[in-house]
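Q: Just so you know, the sequences run in chain order A and B.
Position one of the first sequence corresponds to residue 7 (this note's numbering), numbered consecutively onward.
Position one of the second sequence corresponds to residue 1362 (this note's numbering), numbered consecutively onward.
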Amino acid sequence: MQFTSESVEALVEQFTKLPTIGRKTAQRLANYILKMDEEAVEKIAEALLAVKRKVQRCSTCHVVADRDPCPICSDSKRDPSTICVVEESSDLLAIERTGEYRGRYHVLGGVISPLDGVGPDDLRIRELARRIDPDFASDGDPPPLDAVDADPDGEGLSGGSPSGASATTAGAAGDPGADASPKDASPEERSNGADASSSEDADEGRVNEVILAVNPNVEGDTTAYYISQLLEPFDVSVTRIARGLPIGGDLEYADEATLSRALEGRGDV
Amino acid sequence: MAQREIIRTDAIVLRNLNYGETSQIVTLFTRKRGKIAVMAKGARKTKSAFGSTLQPMSYTEVVFYYKPTRTLQILSESSHVVAFHDLQRSLTKITLGLRIVELVAALMEDEDPQPAVFRLTARVLRHLDARSRRAANLWPFMQMRLASLLGVAPAVRRDNVEAVGSEGLLSLADGGVYPADATPESARTASRAALRAYAVFVRADLSTALRMRLSDDVRAEVEDLVEAFMRYHFEDAYPDRTRQVAAQLRIQAAASEST
Chain A
7 MQFTSESVEA LVEQFTKLPT IGRKTAQRLA NYILKMDEEA VEKIAEALLA VKRKVQRCST
67 CHVVADRDPC PICSDSKRDP STICVVEESS DLLAIERTGE YRGRYHVLGG VISPLDGVGP
127 DDLRIRELAR RIDPDFASDG DPPPLDAVDA DPDGEGLSGG SPSGASATTA GAAGDPGADA
187 SPKDASPEER SNGADASSSE DADEGRVNEV ILAVNPNVEG DTTAYYISQL LEPFDVSVTR
247 IARGLPIGGD LEYADEATLS RALEGRGDV
Chain B
1362 MAQREIIRTD AIVLRNLNYG ETSQIVTLFT RKRGKIAVMA KGARKTKSAF GSTLQPMSYT
1422 EVVFYYKPTR TLQILSESSH VVAFHDLQRS LTKITLGLRI VELVAALMED EDPQPAVFRL
1482 TARVLRHLDA RSRRAANLWP FMQMRLASLL GVAPAVRRDN VEAVGSEGLL SLADGGVYPA
1542 DATPESARTA SRAALRAYAV FVRADLSTAL RMRLSDDVRA EVEDLVEAFM RYHFEDAYPD
1602 RTRQVAAQLR IQAAASEST
């Protein structure tokens, strides 16, 4: 249905540009705006403009903030030796709500998603590496993965059998049972960033730990493995937040994969 | 009036897309109904009963309410048939697995049951989960088998393969291997080693294909041949996104050729 007012129609048109807002919802919102006080509508308009005019990204951690550096990066009480890597600014806020973390952050701006064509070059992964080592190559040269064997299965990421030039079948089958435990640092070795005083002993600006707080899904796994390999040559501990059962959840109803990860990530009582 | 039906079937998760606050639209390749899209309400909540079962490459049993008049069905239940514990523990396996589900998603028609393709995909993913070595061999094997099941089986003849000298030809039109002096349609030159490996992927069973050891160069050449053959027959339907990202990740197919 078309509105009799072109102004209302234009507003509906603009609302439909927002995610999850269809034409029906846009019409409802427009009708609500019509009934609101002019002062309240002005506040909404001002807030919309302010968000575009004032908000910027912190040049260090890339979180959205009103100033650069952001309040977290400029807070001297924050532990600079620990960086928590998150996908989006909203994830940073979720971790801040816990009140448990006193380190700094790095916002990737997404995750590696091969099915969507999103690769590491589309994210702020190099910027993360440069925070750890300012000399990290900035010319777009990919990380030296060839030298790294971070594959728990014993597969390298490159370099096949040098003697396997023949395309004939070999008799030796692989060992499907070959499995190595994922590299896990002990809890004692990990710093959770809660103790800001630990930074006093660390070199100024030196990063000791990178905590990967990416979602527990295929994209998050891909991103975590890639970053851990990228940072392998640096003297920095790379950890990932635990995956498993939610508090209040029922073990009986947990799926096998989640339960398996929960068992792997078990800790002392 | 369209009749609602409750379907319970095995499925392989091809991909998922976040929808709204907590839901996901999930593309499944089901044994009974072929490729189908379902809405998984609340799938992203931490206490969702779907748990990890809707991650791409998962092999699950699903229950959904099927209504012929709608294109998006409502997912009711999902549980692992086989939980692939190791599939998501290495970049190589993740990338290979995603290429496999991306290919199936691209080449399957909606609601066109293909039980043989379903069995092939499930089998290849199982091996990818279990294998430590030469898992990369699964990728050309999967493509050649899928092509055969979709009606474009390569016509590889043993005597022609034996006749190949240091170099030979692959006909993209019929998928056959020919000596260098032959004149097949849409021919492409390749090394003897690559053409023999290609022939093994076309004709041999999975266990034989997985025993084959390839050098980086030969593997790259074989993958180029297989890709050229697939592109010749499936044209723009042949997917490319995961390959491009894998290149950024520097995941090379020869990676799993560990010594």
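For glycine and all other residues, C-beta sits at the position ideal for the given N, C-alpha and C.
Return the residue from the list A/K49, A/G226, A/K41 that minimises the CA-CA distance to A/V91.
A: Reading the first sequence from its first residue, position 85 is the one you call residue 91 of chain A. Comparing Cα positions, the closest option is A/G226.
Q: Starting from A/T31, trace the alpha helix (DSSP H) in both directions and tell me its first and last residue.
A: The residue given as residue 31 of chain A occupies position 25 in the first sequence. That run of the alpha helix (DSSP H) goes 29-41.
Q: So, at 6 Å on beta carbons, what are the nonlocal neighbours of B/R1369 in its own chain, with the 5 sequence-adjacent residues on each side left out?
A: Numbered from its first residue, the second sequence carries residue 1369 of chain B at position 8. Closer than 6 Å at Cβ, skipping near neighbours: V1424.
Q: What is the rounded straight-line gap between the Cα of A/C79 and the Cα of A/G109?
A: Position 73 of the first sequence, counted from the start, is the residue given in the question as residue 79 of chain A. Position 103 of the first sequence, counted from the start, is the residue given in the question as residue 109 of chain A. For A/C79 and A/G109, the distance between alpha carbons rounds to 9 Å.
Q: For chain B, is any of its Cβ atoms less than 8 Å away from the one on A/I118?
A: Within the first sequence, the letter at position 112 stands for residue 118 of chain A. Yes - at least one Cβ of chain B is within 8 Å of the one on A/I118.
Q: Mind checking A/L237: buried by the 16 CB within 10 Å criterion, or exposed?
A: Within the first sequence, the letter at position 231 stands for residue 237 of chain A. Flag for A/L237 reads buried.
Q: Of the residues that make up the stretch 1385-1417 of chain B, which ones have a beta carbon closer than 7 Å to any beta carbon in chain A?
A: Cβ contacts with chain A: T1407, K1408, A1410, G1412, S1413, T1414, Q1416, P1417.
Q: I'd like the span of the beta strand (DSSP E) that includes A/G109, first residue to last.
A: On the first sequence, residue 109 of chain A is found 103 positions in, with the first residue counted as 1. A/G109 -> beta strand (DSSP E) spans 109-113.
Q: Starting from the N-terminal side, write out each stretch of the beta strand (DSSP E) that is 3 residues or longer and does not extend beyond the stretch 1496-1549 of chain B.
A: Runs found: 1528-1532, 1538-1540.
Q: Beta-carbon separation of B/L1375 and B/V1462 under 8 Å?
A: Taking the first residue of the second sequence as position 1, residue 1375 of chain B is located at position 14. Taking the first residue of the second sequence as position 1, residue 1462 of chain B is located at position 101. Yes, the Cβ-Cβ distance between B/L1375 and B/V1462 is below 8 Å.
Q: Could you confirm whether any beta carbon from chain A is found closer than 8 Å to the beta carbon of B/Q1609?
A: The count along the second sequence starts at 1 and reaches residue 1609 of chain B at position 248. B/Q1609 counts as touching chain A.
Q: Decide if the stretch 1414-1429 of chain B is in contact with the stretch 1440-1459 of chain B; the criterion is three or more beta carbon pairs, one per stretch, under 8 Å apart.
A: They touch, by the three-pair rule.
Q: Could you give the first and the last residue of the continuous alpha helix (DSSP H) run that contains A/D227?
A: Counting from one through the first sequence, the residue named residue 227 of chain A turns up at place 221. From DSSP, the alpha helix (DSSP H) with A/D227 extends over 224-236.
Q: In the DSSP assignment, find the beta strand (DSSP E) that holds B/D1371 and state where it starts and stops.
A: What you label residue 1371 of chain B is simply residue 10 of the second sequence in a count that begins at 1. Unbroken beta strand (DSSP E) run through B/D1371: 1366-1380.
Q: In chain order, what residues of the same chain have a beta carbon less than 6 Å from the beta carbon of A/G271, not counting five sequence neighbours either side?
A: Walking along the first sequence from the start, residue 271 of chain A turns up at place 265. These residues qualify, in order along the chain: A248, G250.
Q: Where do the ends of the alpha helix (DSSP H) carrying A/I138 lie?
A: To locate residue 138 of chain A, count along the first sequence from 1; it is residue 132. Where A/I138 is concerned, the enclosing alpha helix (DSSP H) stretches over 131-138.
Q: With a threshold of 8 Å between beta carbons, is A/S187 in contact with chain B?
A: In the first sequence, the residue the question calls residue 187 of chain A occupies position 181. Below a pLDDT of 50, predicted positions are generally treated as unreliable, and A/S187, at 38, falls in that range; no measurement from the model is reported.
Q: Do you know how far the Cα of A/D127 is from the Cα of A/P25?
A: Reading the first sequence from its first residue, position 19 is the one you call residue 25 of chain A. Reading the first sequence from its first residue, position 121 is the one you call residue 127 of chain A. Cα to Cα, the separation comes out at about 26 Å.
Q: Report the neighbours of A/E262 on chain B: residues whose CB is nearer than 7 Å to its CB, in chain order.
A: Walking along the first sequence from the start, residue 262 of chain A turns up at place 256. Simply H1441, A1444.
Q: Comparing alpha-carbon positions, which option in A/G125, A/I233, A/C67 lies nearest A/R137?
A: Counting from 1 along the first sequence, the entry for residue 137 of chain A is found at position 131. Of the candidates A/G125, A/I233, A/C67, the one whose C-alpha sits nearest the C-alpha of A/R137 is A/C67.
Q: B/T1456 touches chain A at which residues, Cβ-Cβ below 9 Å?
A: Mapped onto the second sequence, residue 1456 of chain B falls at position 95. Those are P120, T228, listed as they occur along chain A.
Q: In the DSSP assignment, the beta strand (DSSP E) including A/D85 goes from what residue to what residue?
A: On the first sequence, residue 85 of chain A is found 79 positions in, with the first residue counted as 1. Note, A/D85: beta strand (DSSP E), 85-92.
Q: Going by beta-carbon coordinates alone, are B/M1400 and B/I1373 separated by less than 8 Å?
A: The sequence position of residue 1400 of chain B within the second sequence is 39, counting from 1. The sequence position of residue 1373 of chain B within the second sequence is 12, counting from 1. Contact flag unset, no.
Q: Buried or exposed: which applies to A/V213, given that a residue is buried once 16 or more other Cβ atoms fall within 10 Å of its Cβ?
A: Along the first sequence, one-based indexing puts residue 213 of chain A at 207. With 16 or more Cβ atoms within 10 Å of its Cβ, A/V213 is classed as buried.
Q: Using beta carbons (cut-off 8 Å, strictly below), is B/T1383 in contact with chain A?
A: As a first step, residue 1383 of chain B is located in the second sequence; it is residue number 22 there, counting from the start. It does not: the Cβ of B/T1383 has no partner Cβ on chain A nearer than 8 Å.
Q: Apart from the five residues on each side of it in sequence, which residues of its chain come closer than 8 Å, Cβ to Cβ, to B/D1473?
A: As a working mapping, residue 1473 of chain B is identified with position 112 in the second sequence. Only G1395, K1396 meet the Cβ criterion.
Q: Excluding sequence positions up to five away, which residues of its chain have a Cβ less than 8 Å from the Cβ of A/P2?
A: Past the boundaries of the shown model lies residue 2 of chain A; chain A is included only from 7 to 275, so the question cannot be answered.
Q: Quick one: any contact between the stretch 1473-1489 of chain B and the stretch 1499-1510 of chain B, if contact means 3 or more CB pairs under 8 Å?
A: In short, these stretches touch, since the Cβ pair count reaches three.
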